[in-house]
């Protein structure tokens, strides 16, 4: 193994492009320019080219190991099907075949197949017994693949390599607290001006911003509709427990009694008792027995909660509140069933926990820890800055569903094309080849 460098390999100071998906390596790749070799001696030109090319190709192996597999006889494929012999043809980049021996290594092939974020991580998977070749566990990262070999990596390892990093419990709680605060502000704004928020298509947004707001709204609407339908069906059932309204019914009666007494004291301070004729029952009390009970209760100096009249009124108020609850749910359901492009005053209710069952409607658990037993971010999402490195090789047939691949053949160098994936220029490969050929003499 190479010695641990004093400066990190992905250092922005070095500025070398490595075979890694790290974000700092992406920065080095973005700012990379061709080597300026004019003022240097021929040896230094070759050495600088060797340094740049070896930083990407096989930086996880020592120079001695690379010298052991270096082949000075480069190969390419000639084009014998040229229909226009007089037409100019593209140059064959034969120097790109310099690092083809490394492409046969098992750890490099696992990296090329996008089953690991770097050859170093691929070495770890191989050493830990997470990789199989032709159905047998292989723990030698230097194993040379032959055409037709099938290698497979455990899916959890692939998901961990390609997915986002799993956050710690403390970080997850901190992010969730920030998200809840943002969500509370969103609901407060919608409550203050629902129409303006609807016209602006104002949507809740998680801290990482990885969410389709319109898709979330549609999903929450469907969930709210199903929740309301189920709630209405339960409330309309005969065996529904109406005792949940008892406390609010008693509180409402006591409040109404106090307000009635206060209004009568203002109008007639000389009389402590109120006559039965002055008591007017509300419109929802229709039967004579309930009217008499209401007058008797409100005519007394104080409320006797153990009396039969008070208990009878409580039962009636429970039924009234039950009816109001059903009517309110049906009204909300009719609003949610309207087209999503149509404004309704309670459109933002679909995000509430009572309908979604979640504190944060866009995630079903702690941030990044929906399944805490998994070694990667859950629900799984690709790691950031993955797209620039998502290059599939021509010589490996990959199946991401089974996390397996077939090594079809060695990379081929043909006219105007090289199957060896490399961000390093052809000139740098040529100088690096001259450097190693000279050292072998």
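Numbering (the UniProt record's numbering), first residue to last: 1 to 441. For every residue, glycine included, the Cβ atom is placed at its ideal position computed from N, Cα and C. This structure is a prediction, so every number in the text was calculated from the model and none was measured.
{"Item": "Quick check: the Cα distance between residue 189 and residue 343, rounded to an integer number of angstroms?", "Value": "16 Å"}
{"Item": "Under a Cβ-count criterion, where at least 16 other Cβ atoms within 10 Å of its own Cβ denotes burial, should residue 254 be classed as buried or exposed?", "Value": "exposed"}
{"Item": "Select from 135, 100, 296 the residue whose C-alpha is nearest the C-alpha of residue 406.", "Value": "135"}
{"Item": "Would you tell me roughly how many angstroms separate the C-alpha atoms of residue 370 and residue 33, rounded to the nearest one?", "Value": "43 Å"}
{"Item": "Put residue 436 into one of helix, strand or coil per three-state DSSP.", "Value": "helix"}
{"Item": "In the structure shown, what three-state DSSP assignment does residue 213 receive?", "Value": "helix"}
{"Item": "What span of residues does the beta strand (DSSP E) with residue 396 cover, start to end?", "Value": "396 to 399"}
{"Item": "Who are the Cβ neighbours of residue 362 in its own chain at under 8 Å, not counting the five residues just before and after it?", "Value": "204, 206, 211, 216"}
{"Item": "Is residue 93 helix, strand or coil by DSSP?", "Value": "coil"}
{"Item": "Where residue 291 and residue 281 are concerned, what is the direct C-alpha to C-alpha distance, given to the nearest angstrom?", "Value": "6 Å"}
{"Item": "So what does residue 369 bridge to, in DSSP terms?", "Value": "378"}
{"Item": "Only counting the same chain, and skipping five residues up and downstream in sequence, which positions put a Cβ closer than 6 Å to that of residue 390?", "Value": "none"}
{"Item": "Count the other CB atoms, across all protein chains shown, that sit within 10 Å of the CB of residue 184; report buried if there are 16 or more and exposed otherwise.", "Value": "exposed"}
{"Item": "Assuming residue 321 and residue 251 form a contact by the criterion Cβ under 8 Å, report the distance between their Cβ atoms to the nearest whole angstrom.", "Value": "With a Cβ gap of about 11 Å, residue 321 and residue 251 do not count as contacting."}
{"Item": "Taking the straight line between their C-alpha atoms, what separation do you get for residue 139 and residue 174?", "Value": "40 Å"}
{"Item": "Given 8 Å as the limit, is there contact between the stretch 335 to 353 and the stretch 221 to 234, that is, 3 or more CB pairs closer than that?", "Value": "yes"}
{"Item": "Any idea what DSSP makes of residue 305, helix, strand or coil?", "Value": "coil"}
{"Item": "Roughly how many angstroms lie between the CA atoms of residue 442 and residue 259, to the nearest whole one?", "Value": "The structure shown does not extend to residue 442, since the chain is modelled only from 1 to 441, so the question has no answer here."}
{"Item": "Take residue 233 as the anchor and find which of 18, 317, 323, 158 has the nearest alpha-carbon.", "Value": "323"}
{"Item": "Please confirm whether residue 447 and residue 166 have their CB atoms less than 8 Å apart.", "Value": "Any answer about residue 447 is impossible in this case: the structure gives the chain only from 1 up to 441."}
{"Item": "Among the residues of its own chain, which have a CB less than 6 Å from the CB of residue 329, if the five just before and after it don't count?", "Value": "228, 231, 232"}
{"Item": "Which class does residue 160 belong to by DSSP, given the choice of helix, strand or coil?", "Value": "helix"}
{"Item": "Taking all protein chains shown into account, decide if residue 408 is buried (16 or more other Cβ within 10 angstroms of its Cβ) or exposed.", "Value": "exposed"}
{"Item": "Quick one: grab the DSSP three-state call for residue 151.", "Value": "strand"}
{"Item": "From 341, 97, 307, 18, pick the residue whose C-alpha is nearest to that of residue 117; which is it?", "Value": "18"}
{"Item": "With a cut-off of 8 Å on the beta carbons, I'd call residue 404 and residue 152 a contact; round off their distance for me.", "Value": "4 Å"}
{"Item": "Can you give me the C-alpha to C-alpha distance between residue 77 and residue 98, rounded to a whole angstrom?", "Value": "15 Å"}
{"Item": "Counting C-beta neighbours from all protein chains within 10 Å, is the total for residue 276 16 or more, i.e. buried, or is it exposed?", "Value": "Any reading at residue 276 needs caution, since the residue's pLDDT is 44, under 50, leaving its predicted position unreliable; the model's value is listed next. When all chains shown are included, residue 276 counts as exposed."}
{"Item": "Can you check DSSP and say which residues form a bridge with residue 413?", "Value": "418"}
{"Item": "Starting from residue 406, follow its DSSP beta bridges and name the residues at the other end.", "Value": "150, 397"}
{"Item": "Mapping the DSSP letters down to three states, classify residue 166 as helix, strand or coil.", "Value": "coil"}
{"Item": "Please list, in chain order, all residues of the same chain as residue 104 whose beta carbon is under 7 Å from its beta carbon, the five residues on each side excluded.", "Value": "144, 145, 410"}
{"Item": "If you draw a straight line from the alpha carbon of residue 326 to that of residue 236, how long is it in whole angstroms?", "Value": "8 Å"}
{"Item": "Under three-state DSSP, which class holds residue 142?", "Value": "coil"}
{"Item": "Buried or exposed, going by whether 16 or more other CB atoms sit within 10 Å of the CB of residue 133?", "Value": "buried"}
{"Item": "Which residue or residues does DSSP assign as beta-bridge partners of residue 132?", "Value": "137, 152"}
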